[in-house]
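*Asks:* Attaching a single structure in structure tokens format; questions to follow.
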Amino acid sequence: MSILQNFTLGQFVPSDSFVHRLDPRSKFLFLLVYAVVVFLSNQIWLYAVFTAILIFSLRLSKLSLAYIFRGLKPVWFLLVFTIILQLFLTKGGEVYVQWGWFSIEEDGVRQAFFIAMRLGLIVVMSSLLTLTTSPMDLTDGIEKMLGPFKKIGLPVHELALMLSIAIRFIPTLLEETDKIMKAQMSRGANFESGGMISRAKAMIAIVIPLFVSAFRRAEDLALAMEARGYRGDVGRTKLRQLAFSYRDGLVIVFMILMVVAVGVWRV
Amino acid sequence: MKDQEQTIEAKQVAFQYESEDGSSTPVLQNVSFSIKKGSFVSIIGHNGSGKSTIAKLINALLVPSEGAIIVSGFSTSEQEYLWEIRQQVGMVFQNPDNQIVGTIVEDDVAFGLENLGIEREEMRKRIDESLAAVKMSAYLKSQPQRLSGGQKQRVAIAGILAMRPSIIILDEATAMLDPQGRKEVMQLVHQLHLEEGFTIVNITHFPEETLGSDRIIVMEQGKIYADGTPSEVYADVEGLLAIGLDVPFAVRLHHFLQQHGFSLSTVLDQEELVDELCKSLLKT
Numbered sequence: 003m004s005i006l007q008n009f010t011l012g013q014f015v016p017s018d019s020f021v022h023r024l025d026p027r028s029k030f031l032f033l034l035v036y037a038v039v040v041f042l043s044n045q046i047w048l049y050a051v052f053t054a055i056l057i058f059s060l061r062l063s064k065l066s067l068a069y070i071f072r073g074l075k076p077v078w079f080l081l082v083f084t085i086i087l088q089l090f091l092t093k094g095g096e097v098y099v100q101w102g103w104f105s106i107e108e109d110g111v112r113q114a115f116f117i118a119m120r121l122g123l124i125v126v127m128s129s130l131l132t133l134t135t136s137p138m139d140l141t142d143g144i145e146k147m148l149g150p151f152k153k154i155g156l157p158v159h160e161l162a163l164m165l166s167i168a169i170r171f172i173p174t175l176l177e178e179t180d181k182i183m184k185a186q187m188s189r190g191a192n193f194e195s196g197g198m199i200s201r202a203k204a205m206i207a208i209v210i211p212l213f214v215s216a217f218r219r220a221e222d223l224a225l226a227m228e229a230r231g232y233r234g235d236v237g238r239t240k241l242r243q244l245a246f247s248y249r250d251g252l253v254i255v256f257m258i259l260m261v262v263a264v265g266v267w268r269v
Numbered sequence: 394m395k396d397q398e399q400t401i402e403a404k405q406v407a408f409q410y411e412s413e414d415g416s417s418t419p420v421l422q423n424v425s426f427s428i429k430k431g432s433f434v435s436i437i438g439h440n441g442s443g444k445s446t447i448a449k450l451i452n453a454l455l456v457p458s459e460g461a462i463i464v465s466g467f468s469t470s471e472q473e474y475l476w477e478i479r480q481q482v483g484m485v486f487q488n489p490d491n492q493i494v495g496t497i498v499e500d501d502v503a504f505g506l507e508n509l510g511i512e513r514e515e516m517r518k519r520i521d522e523s524l525a526a527v528k529m530s531a532y533l534k535s536q537p538q539r540l541s542g543g544q545k546q547r548v549a550i551a552g553i554l555a556m557r558p559s560i561i562i563l564d565e566a567t568a569m570l571d572p573q574g575r576k577e578v579m580q581l582v583h584q585l586h587l588e589e590g591f592t593i594v595n596i597t598h599f600p601e602e603t604l605g606s607d608r609i610i611v612m613e614q615g616k617i618y619a620d621g622t623p624s625e626v627y628a629d630v631e632g633l634l635a636i637g638l639d640v641p642f643a644v645r646l647h648h649f650l651q652q653h654g655f656s657l658s659t660v661l662d663q664e665e666l667v668d669e670l671c672k673s674l675l676k677t
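Chains as they are written, first to last, in the numbering used here: chain A, 3 to 269; chain B, 394 to 677.
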């Protein structure tokens, strides 16, 4: 039961900060615009501004820094790797260090700095989105924002429903995995020792029963949904409603200022 | 709506599943019954006796191959009445986990209402009412995995109540619950039957659960084996045991005592049996 006891859906950390109370749509939009301007900027001092914006947003979210660093963990390696690549492979400008074949030159340092800043800022900003938005709000936000694409035949409602059902079943399937694992271990399966290949082989004994039961669950659920009158998007109302508030207005205004400022000073 | 009295009518229903190679296995043959509005009917039988198929036929999840099923005056074979029928007939399934759609209780109760296109204000009201009816109001914002099996089934029932049906079908809804959960659910169902006048169809393989019902239909190999009040049905202990069905403990004991020469009048549950035994003791 260890995985389940401290299990929360996704990475969401509930709270009632300014950022938490924003509409998911404005958070999405802000993240998107922020990512674009961060990528387009080529001035060192602009990055100082972006970092300030990020720190300000973090303060507004009232999240502890531990969560943020946890979010950076998976991209750590990528970050270091690209910095090294840029540092040694980009040539041009003044030569700082020369070591036989290797050299670190001005453009390399500059590129490495930009890449590191871009990746770092965007990753932290997007983990801020998932940390402060509940998965259901996220799916609702996605459904609403993709709404216009219904006209060209994108099954937006179905996609959002699939997403929310997936979220709903994560804990159920985790619990099931735990059960299957114990059942297989009691029959002598070994998941902890051996090399990569034998461990991967041992996983088959978990994955196959899990798949079989997931399909059965899917069938049951489809039946239960039909029995409760589900017929797709036709004439459907929604309990959950998203609403913009003055906070979202502030964010949008700030976002526009940011775009204008970058547009003006970029060149 | 010529016949308000009979809310569900099955007329010579046959059903078979078509398999891919064209052959078909008959699941139901010549099944006819009618269920009175406001009654509590139990359907018992083995796995594969066709009892769950009956539930799906009543809710128009399946359509009979022959014959017809009429629910509140609508034939399930006609597509246009499909949504009326599904609103009228609420169904609780066996696996509590596999019928909850919402990530939190409130969302799940709302699911059926959203499908019906109910306005938001009205939805809120009905969610509160139906959760109160199943005594789950305190769990409005809970995630389903934090609830017990019995609580999940009560949430499923609330989801159905919110749709304001007239018939509730329990398709082995207690089979996966612990004794505590089973008790919770059965108490709730009986209460809904008595106080709100819902028509209840309880499909089960626990003989004890059938005792409180007005009528029992026994299914055996796709046919109706017996149909009557509990005392009528359980009078035929030999026959039921012969087709491999269990009978309630009190009925079995009573039957056993009678075989050994004790003359007792018919009993169904343990209390009646105890009374009857005491009386016969006093006589001797």
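For glycine and all other residues, C-beta sits at the position ideal for the given N, C-alpha and C.
This structure is a prediction, so every number in the text was calculated from the model and none was measured.
(1) Please name the residue in A:LYS152, A:PRO150, A:ALA185, A:PRO137 whose C-alpha comes closest to that of A:LEU165.
(2) Output the residue ranges of the alpha helix (DSSP H) runs that lie fully inside the region 617 to 650 of chain B and measure 4 residues or longer, sorted by chain position.
(3) Look at the alpha carbon of B:LYS444 and the alpha carbon of A:TYR36, and state the distance between them as a whole number of angstroms.
(4) B:PHE486 and B:ALA566 - do their beta-carbons sit closer together than 8 Å?
(5) Got a sec? Which residues, its chain only, sit under 7 Å from B:SER465 by beta carbon, not counting five neighbours each side?
(6) Would B:MET679 and B:GLY438 be called neighbours here (beta carbons separated by less than 8 Å)?
(7) Can you list, in chain order, the residues of the region 234 to 251 of chain A whose Cβ is nearer than 8 Å to any Cβ on chain B?
(8) Within 10 angstroms of the Cβ of B:GLU589, are there 16 or more other Cβ atoms? Answer buried if so, exposed if not.
(9) Roughly how many angstroms lie between the CA atoms of A:ASP18 and A:LEU81, to the nearest whole one?
(10) Assign A:ARG189 to one of three DSSP states: helix, strand, or coil.
(11) Terminal residues of the continuous alpha helix (DSSP H) containing A:THR134?
(12) Residues of chain A with CB under 7 Å from B:LEU509, in chain order?
(13) By the three-class DSSP mapping on this structure, what secondary structure does B:TYR474 have?
(14) Kindly indicate if chain B contains any beta-carbon less than 8 Å away from that of A:ARG23.
(15) Compute the beta-carbon to beta-carbon distance between B:VAL548 and B:LEU554, rounded to the nearest angstrom, for a pair I have assumed lies under 8 Å.
(16) Report the option in A:ARG189, A:LEU62, A:TYR49 whose CA atom is closest to the CA atom of A:ARG249.
(17) State the start and end residues of the unbroken beta strand (DSSP E) segment that holds B:VAL611.
(18) In three-state terms, what does DSSP make of B:ASN491?
(19) Could you say if the region 65 to 76 of chain A and the region 120 to 132 of chain A meet the contact criterion of at least three C-beta pairs nearer than 8 Å?
(20) A:GLU160 touches chain B at which residues, Cβ-Cβ below 8 Å?
(21) DSSP state of B:ARG595, grouped into three classes?
(22) Run through chain A and tell me which residues come within less than 7 Å of B:THR677, C-beta to C-beta.
(23) Would B:TYR410 be called buried (16 or more neighbouring beta carbons within 10 Å of its own) or exposed?
(24) Is it the case that the region 216 to 224 of chain A contacts the region 461 to 480 of chain B, given that we only count it when at least three CB pairs across the two stretches are under 8 Å?
(25) If you reduce the DSSP assignment to three classes, tell me which class B:THR400 lands in.
*Replies:* From the atom records:
(1) Here residue 165 of chain A is taken as the residue at index 163 of the first sequence, counted from 1. Here the closest residue by C-alpha is A:PRO137.
(2) 623 to 626, 630 to 635
(3) Counted from its first residue, the second sequence places residue 444 of chain B at position 51. Counted from its first residue, the first sequence places residue 36 of chain A at position 34. Those two C-alpha atoms are separated by around 59 Å.
(4) In the second sequence, counting from the first residue as 1, residue 566 of chain B sits at position 173. In the second sequence, counting from the first residue as 1, residue 486 of chain B sits at position 93. Yes, Cβ-Cβ distance for B:ALA566 and B:PHE486 is below 8 Å.
(5) Residue 465 of chain B sits at position 72 when you count from the first residue of the second sequence. Once the five neighbours on either side are set aside, the close Cβ partners of B:SER465 are THR400, GLN481, SER559.
(6) An answer regarding residue 679 of chain B cannot be provided, because it is not within the stretch 394 to 677 covered by chain B.
(7) GLY237, ARG238, THR239, LYS240, LEU241, ARG242, GLN243
(8) As a first step, residue 589 of chain B is located in the second sequence; it is residue number 196 there, counting from the start. So B:GLU589 counts as exposed.
(9) Position 16 of the first sequence, counted from the start, is the residue given in the question as residue 18 of chain A. Position 79 of the first sequence, counted from the start, is the residue given in the question as residue 81 of chain A. If you take the alpha carbons of A:ASP18 and A:LEU81, they lie about 32 Å apart.
(10) As a position in the first sequence, residue 189 of chain A is number 187, starting the count at 1. Reduced to three states, the DSSP call for A:ARG189 is coil.
(11) In the first sequence, residue 134 of chain A corresponds to position 132, counting from 1. It spans 108 to 134 - the alpha helix (DSSP H) in which A:THR134 sits, taken as one unbroken run.
(12) Mapped onto the second sequence, residue 509 of chain B falls at position 116. Near B:LEU509 (Cβ distances below 7 Å), the residues of chain A are GLY231.
(13) In the second sequence, residue 474 of chain B corresponds to position 81, counting from 1. Three-state result, B:TYR474: helix.
(14) Locating residue 23 of chain A in the first sequence gives position 21, counting from the first residue. False, the Cβ-Cβ gap to chain B never drops below 8 Å.
(15) Within the second sequence, residue 548 of chain B is the residue found at index 155, counting from 1. Within the second sequence, residue 554 of chain B is the residue found at index 161, counting from 1. At roughly 11 Å, the Cβ-Cβ gap does not stay under 8 Å, so B:VAL548 and B:LEU554 are not in contact.
(16) Counting from 1 along the first sequence, the entry for residue 249 of chain A is found at position 247. Minimum Cα distance to A:ARG249 is reached at A:LEU62.
(17) Here the question's residue 611 of chain B lines up with position 218 in the second sequence. Counting along the chain, the beta strand (DSSP E) containing B:VAL611 begins and ends at 608 to 613.
(18) As a position in the second sequence, residue 491 of chain B is number 98, starting the count at 1. Looking at B:ASN491 - three-state DSSP - the assignment turns out to be helix.
(19) yes
(20) On the first sequence, residue 160 of chain A is found 158 positions in, with the first residue counted as 1. Near A:GLU160 there are no residues of chain B at all, since even the closest Cβ is about 14 Å away, more than 8 Å.
(21) Mapped onto the second sequence, residue 595 of chain B falls at position 202. Contrary to the premise, residue 595 of chain B reads as Asn rather than Arg in this sequence. Strand.
(22) Looking up residue 677 of chain B in the second sequence gives position 284. Near B:THR677 there are no residues of chain A at all, since even the closest Cβ is about 55 Å away, more than 7 Å.
(23) Looking up residue 410 of chain B in the second sequence gives position 17. B:TYR410 should be labelled exposed.
(24) no
(25) Taking the second sequence and counting its residues from 1, one reaches residue 400 of chain B at position 7. Reduced to three states, the DSSP call for B:THR400 is strand.
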